[in-house]
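Trainee:
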Amino acid sequence: MNNNLLLIKDFSKLTGLSRKALYLYDEHNILNPVFIHPNNDYRYDEKTD
13 MNNNLLLIKD
23 FSKLTGLSRK
33 ALYLYDEHNI
43 LNPVFIHPNN
53 DYRYDEKTD
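Residues 13 to 61, numbered by my numbering, are exactly what the sequence shown covers, in order.
1. In angstroms with no decimal places, state the Cα-to-Cα distance between L38 and V46.
2. Could you tell me the distance, in whole angstroms, from the CA atom of N41 to the CA atom of A33?
3. Quick check on L19: does DSSP put it in helix, strand or coil?
4. Out of curiosity, what's the CA-to-CA distance linking I48 and R55?
5. Could you have a look at Y54 and say whether DSSP puts it in helix, strand or coil?
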């Protein structure tokens, strides 16, 4: 797994957006995760410097 990936809960904390909002944004193609794990459906976003 890429070390530059954040779980949705960590991305939520960094951005101040709720997990529910992030799921909604993904559903409406507003803000999509960079990776969705095929086995567990976990969503990941990329951290940058």
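Glycine is no exception: its CB is placed at the ideal position from the N, C-alpha and C atoms.
Mentor: Taking the geometry as given:
1. Here residue 38 refers to the residue found at position 26 when the sequence shown is read from its first residue. Here residue 46 refers to the residue found at position 34 when the sequence shown is read from its first residue. Sequence check: residue 38 is Asp here, not Leu. Taking the straight line from one Cα to the other gives about 10 Å.
2. Counted from its first residue, the sequence shown places residue 41 at position 29. Counted from its first residue, the sequence shown places residue 33 at position 21. Going by the C-alpha atoms only, they are around 12 Å apart.
3. One-based indexing of the sequence shown puts residue 19 at position 7. L19: strand per DSSP, three-state reduction.
4. Taking the first residue of the sequence shown as 1, we reach residue 48 at position 36. Taking the first residue of the sequence shown as 1, we reach residue 55 at position 43. Roughly 5 Å between the two C-alpha positions.
5. For this step, residue 54 is matched to residue 42 along the sequence shown. If DSSP states are grouped into helix, strand and coil, Y54 belongs with coil.
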